[in-house]
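Here the sequence shown is numbered in this note's numbering, starting from 48 and rising by one per residue. Idealized CB from N, CA, C, for every residue including glycine.
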Amino acid sequence: MSEAKSHRPTAASSLSARLLVLTVFFVMLAEFLIYTPSIARYRKVYLEEMIATAHLAILALEATPDGMVSEELERELLFHAGAYGIMLWQSDRKMLVLSEAMPPEVDVTFDLRQGTFLMWIGDAFRALVQDENRVLRVIGISPKDPMAAIEVVFDETPMREAMYDYSGRILNLSIVISLFTAGLVYVSLQWLLVRPMRRITASMVNFRADPEDERRVIVPSTRADEIGIAQRELADMQKDLRAALRQKTRLATLGAAVAKINHDLRNSLSTAVLVSDRLADIDDPEVKAVTPRLYDAMDRAVNLCSQILNYVQDPALRLRPTYFHLHELVAEVGAVMRDPEGLGLGGGAPDRLEWHNAVAFELDVDADRQQLFRVLSNLGQNARQAGAGKVTVSARKEGDSVLIDVADDGPGISSKAREGLFKPFAGSERAGGTGLGLVIARDIMRAHGGDISLAGTGDTGTTFRLQLPVRGRAR
Ligand SMILES: Nc1ncnc2c1ncn2[C@@H]1O[C@H](COP(=O)(O)OP(=O)(O)OP(=O)(O)O)[C@@H](O)[C@H]1O
Ligand SMILES: [Mg+2]
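Now the structure itself:
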């Protein structure tokens, strides 16, 4: 149970919480991207409205014959326009001026008739980030009369406050939109993805605790999306795994039984060998004729039992790697191979086997010497049993590997034997063969981090290639 808990992410690290935060972030980012041009636009409209109001205020001067009004009316007009001074030029007429007696000094001038959009954005942000009350002079064409240019002088603070108000409204709206969107994303993810994912992980954890319990296999839903596929694949995988486990248990039991039978069989055979020794003493020509064949048959049977026992009892190889001259090892194998009585070979082996050692003297390898001996002698025996007269062993370094080729001049491997090659008990074509020699050789090579492969076979012979990784000191 505690294990099941550890497979549950904390609220903050869960997929939906992360997506919630990301959604809020992305919506806010999008809102900011929208806000930038809109605040610039807002400021521009504000200034244009100032121009329109100023134009309206200055129209009062046109009604008078000399373009002058009383000082009191002038102040009133300026107050309503929110400006210190207004000026109007008309191409065909005179210039009109409405101004306070002592207008303040102008800090910045903006000309609405020119400027790019980027400049407007820059001006808007500059207005927002400073808190000094600048006096602005804005020049623009009146929206009511394209022939009239207006210049108006006023304080920046009311405009900045209006811009702050506007920004505040946008910010509030953004927060509401992002929380709303993120909430929706969270709920739909929770429903569509996270809950079914949790079911899958819980099933995995549950299954691992007891794979043989049939009830722990996930019941897949009928969803057509990726989650549905994952559930169905998981259900299939769990079923296959359970079947494989059951098979493995059965095989293990079988293996143990075979080992026991073999053991007893070998003991009985040994007793038979001992007893049959007495046969040699009987002075009967017929007995003398059959005794060697009897010995031979029993030898082969004991050999077979021993090999099967070794294979069944020793599934995991323990290597004792050393650093040695490969040439010497190949020579030792050759010495045993040349001896026709060597290694208790079965019948059918030719009396002489030419063993050609083509390995360079200076080539060293890092491997378990005894196990590599086993591999080479298994290959040698196979060649000999197949009827080869000559075996050539050569080796070379290639990249990070030492490649050892064992080539014979035998009749080649039949296609039937090739199919079962490297499969336990399946590859043997030979009477008395167990079909384990190459399996053992492959196990040994793989335990070294290398491999064995059939490099070629045909009428003129067979070549097996051993690959050994070069480790540390090998040259
Ligand atoms: N060099 C070879 N030339 C021809 N056939 C070969 C050669 N090496 C292997 N074979 C074929 O492959 C089969 C499998 O070889 P393997 O060494 O795995 O088993 P085996 O020799 O039959 O039995 P074991 O080695 O366990 O006594 C052999 O029976 C033989 O038919
Ligand atoms: Mg063999």
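Tell me whether residue i sits in a helix, a strand or coil according to DSSP, three-state version.
i: Pro-516; result: strand
i: Arg-489; result: helix
i: Leu-483; result: coil
i: Asp-415; result: strand
i: Thr-156; result: strand
i: His-403; result: strand
i: Thr-507; result: coil
i: Glu-198; result: strand
i: Ala-502; result: strand
i: Thr-83; result: helix
i: Pro-368; result: strand
i: Arg-477; result: coil
i: Gln-161; result: coil
i: Pro-151; result: coil
i: Thr-338; result: helix
i: Lys-463; result: helix
i: Ser-424; result: helix
i: Arg-270; result: coil
Suppose the cutoff is 6 Å on Cβ atoms and the five residues either side in sequence are ignored; what does the same chain contact list for residue i look like?
i: Ser-500; result: Arg-512
i: Leu-67; result: Ala-229 and Tyr-233
i: Phe-408; result: His-374
i: Gly-389; result: With a pLDDT of only 48 at Gly-389, under the threshold of 50, the placement of this residue in the model should not be trusted, and no figure is reported.
i: Ala-128; result: Thr-100, Ala-101 and Ala-104
i: Asp-204; result: Reading the sequence as shown, one finds Thr at residue 204 and not Asp. Cβ within range, chain order: Asn-180.
i: Pro-368; result: Asp-413, Ala-414 and Asp-415
Since residue i and residue j are thought to touch, with beta carbons under 8 Å apart, how far apart are those beta carbons, to the nearest angstrom?
i: Leu-312; j: Cys-352; result: 5 Å
i: Gly-427; j: Val-380; result: 6 Å
i: Asn-180; j: Asp-202; result: 6 Å
i: Leu-485; j: Ala-414; result: Their Cβ separation, rounded to whole angstroms, is 18 Å, which puts Leu-485 and Ala-414 out of contact at 8 Å.
i: Leu-145; j: Leu-108; result: 6 Å
i: Leu-62; j: Leu-236; result: 7 Å
i: Leu-316; j: Leu-376; result: With 8 Å as the limit, Leu-316 and Leu-376 do not qualify as a contact, their Cβ atoms being about 32 Å apart.
i: Val-185; j: Pro-150; result: Actually they do not touch by this definition, with Cβ atoms about 14 Å apart.
i: Val-422; j: Met-492; result: 6 Å
i: Ser-250; j: Ile-265; result: 4 Å
i: Phe-164; j: Leu-183; result: At roughly 20 Å, the Cβ-Cβ gap does not stay under 8 Å, so Phe-164 and Leu-183 are not in contact.
i: His-403; j: Thr-439; result: 4 Å
i: Leu-536; j: Asp-498; result: It is not possible to answer for residue 536, since the shown part of the chain is limited to 48 through 522.
i: Ser-267; j: Ala-282; result: According to the sequence as given, residue 267 is Pro; it is not Ser. Indeed, because the Cβ distance is near 5 Å, the residues count as touching under 8 Å.
Check for me: the alpha helix (DSSP H) holding residue i runs from which residue to which?
i: Arg-293; result: 273 to 324
i: Leu-122; result: Checking the sequence, you will find Arg at residue 122 rather than Leu. Element bounds for Arg-122: 118 to 128.
i: Arg-207; result: 204 to 236
i: Ala-382; result: 373 to 385
i: Gly-187; result: First-last for Gly-187: 182 to 188, but that is the beta strand (DSSP E), not the alpha helix (DSSP H).
i: Val-144; result: From DSSP, Val-144 is part of no alpha helix (DSSP H) but of the beta strand (DSSP E) over 143 to 146.
i: Gly-169; result: 164 to 176
i: Lys-470; result: Taken as a continuous stretch (DSSP letters only), Lys-470 belongs to no alpha helix (DSSP H), as it is neither H nor E.
How many Å lie between residue i and residue j at the Cα?
i: Gln-417; j: Ile-460; result: 27 Å
i: Leu-231; j: Val-74; result: 13 Å
i: Thr-70; j: Pro-84; result: 22 Å
i: Thr-507; j: Asp-456; result: 5 Å
i: Thr-269; j: Ile-217; result: 45 Å
i: Val-223; j: Leu-120; result: 48 Å
i: Leu-143; j: Thr-111; result: 11 Å
i: Arg-88; j: Arg-246; result: 52 Å
i: Leu-301; j: Ala-488; result: 23 Å
i: Leu-125; j: Asp-212; result: 25 Å
i: Tyr-131; j: Ser-60; result: 59 Å
i: Arg-242; j: Phe-72; result: 24 Å
Short of 8 Å in beta carbon distance, which residues of its chain neighbour residue i, apart from the five on each side in sequence? Order them along the chain.
i: Leu-373; result: Val-406, Leu-410, Asp-411, Val-412, Ala-442, Val-449 and Ile-451
i: Arg-90; result: Trp-167, Asp-170, Ala-171, Ala-174, Met-206 and Met-210
i: Arg-465; result: Leu-501 and Thr-504
i: Ser-323; result: Thr-338, Leu-341, Tyr-342 and Met-345
i: Ile-98; result: Leu-159, Val-185, Gly-187, Ile-188, Ser-189, Pro-190, Ile-197 and Val-199
i: Met-244; result: Leu-62 and Ile-274
i: Leu-392; result: For Leu-392, the predicted structure reports a pLDDT of 46, less than 50, and the residue's modelled location is therefore unreliable. The matter cannot be settled from this model.
i: Val-305; result: Ile-355 and Val-359
Please list, in chain order, all residues of the same chain as residue i whose beta carbon is under 7 Å from its beta carbon, the five residues on each side excluded.
i: Gln-354; result: Thr-481 and Leu-483
i: Ala-58; result: Ala-64
i: Gly-394; result: Model confidence at Gly-394 stands at a pLDDT of 45, short of 50, so the residue's coordinates are unreliable; what they give is reported in the following sentence. Same-chain partners within the cutoff: Asp-343.
i: Leu-292; result: Pro-258 and Glu-259
i: Ala-327; result: Thr-338
i: Val-155; result: Arg-181 and Leu-183
i: Gln-137; result: Met-194 and Ala-195
What first and last residue would you give for the beta strand (DSSP E) that runs through residue i?
i: Ser-448; result: 448 to 455
i: Ala-442; result: 437 to 445
i: Met-134; result: 132 to 137
Any heavy atom of ligand 4 closer than 8 Å to the CB of residue i?
i: Leu-423; result: As for ligand 4, it is missing from this structure, which binds only ligand 1 and ligand 2.
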